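Trainee: Going left to right, the sequence shown walks through residues -21 to -1, 1 to 129 as mature numbering (1 follows the signal peptide of the UniProt record, and there is no 0) numbers them.
For glycine and all other residues, C-beta sits at the position ideal for the given N, C-alpha and C.
Because the structure is a prediction, the values reported are computed rather than measured.
Before we start, here is the structure in question, set down as structure tokens.
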Amino acid sequence: MRATDSAIAVLVAAACLATMAACGVSGPGGGPTPSTPGSVETASPDPTSPPTGAPTATPLLTHVEWNEPSGEVIASGLVDGSLDDAVDCEFEFSIDGAAVSRTATPQPGPSSLDCGSVFVPGDELGPGAWTIVLRYGDARSDEATVEVPE
């Protein structure tokens, strides 16, 4: 093996170790690899994360569109995470302080709840850029926007 091959091998090995450390790969024995011999890092609880064991749900809008032929907005969604099918899905449409909502009974699926689709006529909403969120209990989805034409 030439000297340049050895140098490349050392650089590749160092890069692999740095990548493993950055990805949180543990050291020998399954524990974290201390940065200083004899030191052990202890994890402190994250004050912004929910308490261990607390149910978490993640609502997700899967489809939002203005349907020209029917003259209505169609919104669909699901909820992933710790689920309770006794809680309804609420689609909330808002613009300039006005709000319209539709409630849907979720249907359990293999790994999520299907909130189905809701349909809101354009003449009930009025023209403009409507913001839509899906609520499930205290959790809410990211916002989506749909333009209702005049």
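1. Determine the contact status of G60 and T35, defining contact as a CB-CB distance below 8 Å.
2. What's the call for P100, buried or exposed, on a 16-neighbour Cβ count within 10 Å?
3. In terms of residue numbering, what span does the beta strand (DSSP E) encompassing D93 cover?
4. Excluding five sequence neighbours on each side, which residues of the same chain lie with their C-beta closer than 7 Å to the C-beta of D93?
5. Can you give me the C-alpha to C-alpha distance between T37 and R119, rounded to a whole angstrom?
6. Smallest Cα separation from G116: which of F70, T124, S49 and W45?
7. Where does L113 sit, in a helix, a strand or coil, going by DSSP?
8. State yes or no: is the C-beta of W45 within less than 8 Å of the C-beta of F72?
9. Can you have a look at A54 and say buried or exposed, based on whether 16 or more other CB atoms are within 10 angstroms of its CB?
10. Quick check on the burial criterion: 16 or more other C-beta atoms within 10 angstroms. Buried or exposed for E51?
11. Just curious, the beta strand (DSSP E) that E126 is in, first and last residue?
12. By the three-class DSSP mapping on this structure, what secondary structure does E103 have?
13. Between the beta-carbon of L104 and the beta-carbon of L40, is there less than 8 Å?
14. Does the distance from the CB of I111 to the CB of E122 come in under 8 Å?
Mentor: Based on what the coordinates show:
1. One-based indexing of the sequence shown puts residue 60 at position 81. One-based indexing of the sequence shown puts residue 35 at position 56. Cβ atoms of G60 and T35: closer than 8 Å.
2. Position 121 of the sequence shown, counted from the first residue, corresponds to residue 100. So P100 counts as exposed.
3. Stepping through the sequence shown from its first residue, residue 93 is reached at position 114. In the DSSP assignment, D93 falls within the beta strand (DSSP E) that extends over S91 to P100.
4. Position 114 of the sequence shown, counted from the first residue, corresponds to residue 93. Closer than 7 Å at Cβ, skipping near neighbours: L57, P85 and Q86.
5. Here the question's residue 37 lines up with position 58 in the sequence shown. Here the question's residue 119 lines up with position 140 in the sequence shown. Their backbone Cα atoms lie some 7 Å apart in a straight line.
6. Along the sequence shown, one-based indexing puts residue 116 at 137. Among F70, T124, S49 and W45, the Cα nearest to that of G116 is on F70.
7. Here residue 113 corresponds to residue number 134 of the sequence shown, with the count starting at 1. Residue state, collapsed to three classes: strand.
8. Here residue 45 is taken as the residue at index 66 of the sequence shown, counted from 1. Here residue 72 is taken as the residue at index 93 of the sequence shown, counted from 1. Contact flag unset, no.
9. The residue given as residue 54 occupies position 75 in the sequence shown. Flag for A54 reads buried.
10. In the sequence shown, the residue the question calls residue 51 occupies position 72. With 16 or more Cβ atoms within 10 Å of its Cβ, E51 is classed as buried.
11. In the sequence shown, the residue the question calls residue 126 occupies position 147. Bounds of the beta strand (DSSP E) holding E126 are A123 to V127.
12. As a working mapping, residue 103 is identified with position 124 in the sequence shown. Helix at E103.
13. Counted from its first residue, the sequence shown places residue 104 at position 125. Counted from its first residue, the sequence shown places residue 40 at position 61. Cβ distance not < 8 Å, so L104 and L40 don't count as in contact.
14. The count along the sequence shown starts at 1 and reaches residue 111 at position 132. The count along the sequence shown starts at 1 and reaches residue 122 at position 143. Yes; because the gap between Cβ atoms is below 8 Å, this pair is in contact.
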